[in-house]
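In terms of the numbering used here, the sequence shown opens at residue 1 and continues consecutively.
Quick reminder that beta carbons are idealized off the backbone N, C-alpha and C, glycines included.
Only a predicted model underlies this, so the values are computations on that prediction, with no experimental measurement involved.
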Amino acid sequence: MRIIIYTKDHCVQCNATKQAMDRHGIACQLINLDAQPDAAADLKALGYRQVPVVMAGSDHWSGFRPDKIAALGQLAAAGE
Numbered sequence: 001m002r003i004i005i006y007t008k009d010h011c012v013q014c015n016a017t018k019q020a021m022d023r024h025g026i027a028c029q030l031i032n033l034d035a036q037p038d039a040a041a042d043l044k045a046l047g048y049r050q051v052p053v054v055m056a057g058s059d060h061w062s063g064f065r066p067d068k069i070a071a072l073g074q075l076a077a078a079g080e
C-alpha cells in the first residue's frame, strides 16, 4: 500500500506523525507543502485545511492519529 504524508516545515503534528510511522516500521512518501505548494490544491479539494494529511490507500485523514498509525503498523506487520 502506498502511503503519502503531506507535511509542512515546523509542524509538531507532522513530526509526531512521521516519528510514529518510523516507530511502526511503516514506509511512506513525504510531500512538503512548503516546498511543493501546488500539492495543497488537491488537499483543499478534499476538504483538508490542516496538516499532516495522510493518504493510505483508500483511507485518508488529517492530524496526528496514533490509532490510525497503529492500524497501519498492524497491516504492515501482516505483510498487506
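Cut-off 8 Å between Cβ atoms - residues of its own chain near Pro66, not counting five sequence neighbours on either side: Only Ala20 meet the Cβ criterion.
Rounded straight-line distance, which links the Cα of Gly25 to that of Lys44: Answer to the nearest angstrom: the Cα atoms are 29 Å apart.
Identity of the residues DSSP links to Met1 by a beta bridge: DSSP, once it has assigned bridges, lists no residue as partnering Met1.
Which of helix, strand or coil DSSP assigns to Ala56: In the structure shown, Ala56 sits in a strand (DSSP, three-state: E or B).
In chain order, each beta strand (DSSP E) run of at least 3 residues that lies wholly inside the region 3-76: Segments of the beta strand (DSSP E) lying fully in the region 3-76: 3-7, 29-32, 53-56, 59-62.
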